Amino acid sequence: MKDQDVRLSTMGSRAWLVEAPGAFDLPAQRRIWSLAQQLNQREDIEALIPGVTNLLVLFRHTPADPQSTEASLRHYWQLARAVDPQGKLIEIPVWYGGEHASDLVAVCEHTGLSAEEVVRRHYQGQYTVFAVGSAPGFGYLHGLDPLLATPRKKVPSLNMLKGTVTIGGPQAGVSVLTGPNGWNAIGYAELEVFNPHAEIPALMAPGDKIRFVPERIEL
Numbered sequence: 001m002k003d004q005d006v007r008l009s010t011m012g013s014r015a016w017l018v019e020a021p022g023a024f025d026l027p028a029q030r031r032i033w034s035l036a037q038q039l040n041q042r043e044d045i046e047a048l049i050p051g052v053t054n055l056l057v058l059f060r061h062t063p064a065d066p067q068s069t070e071a072s073l074r075h076y077w078q079l080a081r082a083v084d085p086q087g088k089l090i091e092i093p094v095w096y097g098g099e100h101a102s103d104l105v106a107v108c109e110h111t112g113l114s115a116e117e118v119v120r121r122h123y124q125g126q127y128t129v130f131a132v133g134s135a136p137g138f139g140y141l142h143g144l145d146p147l148l149a150t151p152r153k154k155v156p157s158l159n160m161l162k163g164t165v166t167i168g169g170p171q172a173g174v175s176v177l178t179g180p181n182g183w184n185a186i187g188y189a190e191l192e193v194f195n196p197h198a199e200i201p202a203l204m205a206p207g208d209k210i211r212f213v214p215e216r217i218e219l
């Protein structure tokens, strides 16, 4: 990973997006977490929003010298070293196949794998929550077997049920809300991913480990 390849771009007058160079992988995400830890000490920063191998840095005020700000962010990136948050292990029982696996056939057709093999490779994966966003509590999960990677649908499902276990490109996920969704449904999990009334509303947090457990397989 070359430090000079880090990509910086402005998002309005107060926000900068820092994108890690290299592949979509765990080392890049760990370094993003490290960068966030360092920048969190600065009083001139209002918010830090980690994404998938990127970090949005929101300053309290518009920086007077953009070039100096860019140089500072690059300096912090050079100092960043991979960290490994000690997240919790979350086991998610899944009903694979059946009525909620509306895209399992499409995943099989794209990957060339049988439904049994898709399911097996999915639940044998070791997943890490890279970031939480898109919808309240939705976790972007790294660790999907590369052979299962399937592009998101061009035409989203209009009413995908919350708790649906999905594949979106190289990532896995569990839908948080019932509604439109462009990821590929392969199963269903009976759990609350986000509860706004709970002391800790989101089930998942960056750094958590996820294990899918086959509770029922209907193929």
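For reference, each letter of the sequence shown is one residue, going 1 to 219 in full-length UniProt numbering. Beta carbons are placed, not taken as given, at the ideal position from N, Cα and C, and that holds for glycine. Predicted, not measured: the structure shown is a model, and the values here were computed from it.
In its chain, beyond the 5 residues on either side, N159, M160, L161, K162 have a beta carbon closer than 8 Å to the beta carbon of T178. A distance of 7 Å or more separates the beta carbons of I186 and A71.
Of the candidates L147, N184, L8, G207, the residue whose Cα lies closest to the Cα of L73 is L8.
Within a 10 Å sphere around the beta-carbon of L89 sit fewer than 16 other beta-carbons, which makes this residue exposed.
Less than 7 Å divides the Cβ of A15 from the Cβ of L58.
Apart from sequence neighbours up to five positions away, the residues of its chain that approach E91 with a beta-carbon distance below 6 Å are R211, V213, ordered along the chain. In this structure Q78 is exposed. Its beta-carbon is surrounded by fewer than 16 other beta-carbon atoms within 10 angstroms. For T128, the closest C-alpha among the options E215, A205, A82, L147 is that of A205. Looking at the DSSP output, A172 shares a beta bridge with L141, I167. With the rule of 3 Cβ pairs closer than 8 Å, the stretch 193–204 counts as touching the stretch 126–146. For L35, no beta strand (DSSP E) run applies; the uninterrupted alpha helix (DSSP H) run containing it begins and ends at 26–39, by DSSP. Comparing C-alpha distances from V94 to each of N181, H197, V174 shows the shortest one belongs to V174. Fewer than three pairs of CB atoms, one per stretch, sit closer than 8 Å, so the stretch 108–127 makes no contact with the stretch 191–200. In the assembly as shown, R31 is a buried residue. Its beta-carbon has 16 or more other beta-carbons within 10 Å. Between A135 and V52, the gap from beta carbon to beta carbon reaches 7 Å or more. The three-state secondary structure of E91, taken from DSSP, is strand. Every alpha helix (DSSP H) of 4 residues or more that sits fully in the stretch 34–118 is shown, in chain order, as 66–79, 104–111.
Measuring C-alpha to C-alpha distances from A106 to each of G168, D84, A47, E46 identifies G168 as the nearest.
H197 is classed as exposed because its beta carbon has fewer than 16 other beta carbons within 10 Å across all chains shown. Within the same chain, R30 come within 7 Å of D84 by CB-CB distance, once the 5 residues on both sides are set aside. Secondary structure at L17: strand, using DSSP grouped into helix, strand and coil. With a cutoff of 7 Å on beta-carbon distance, G125 and D103 are scored as not near each other.
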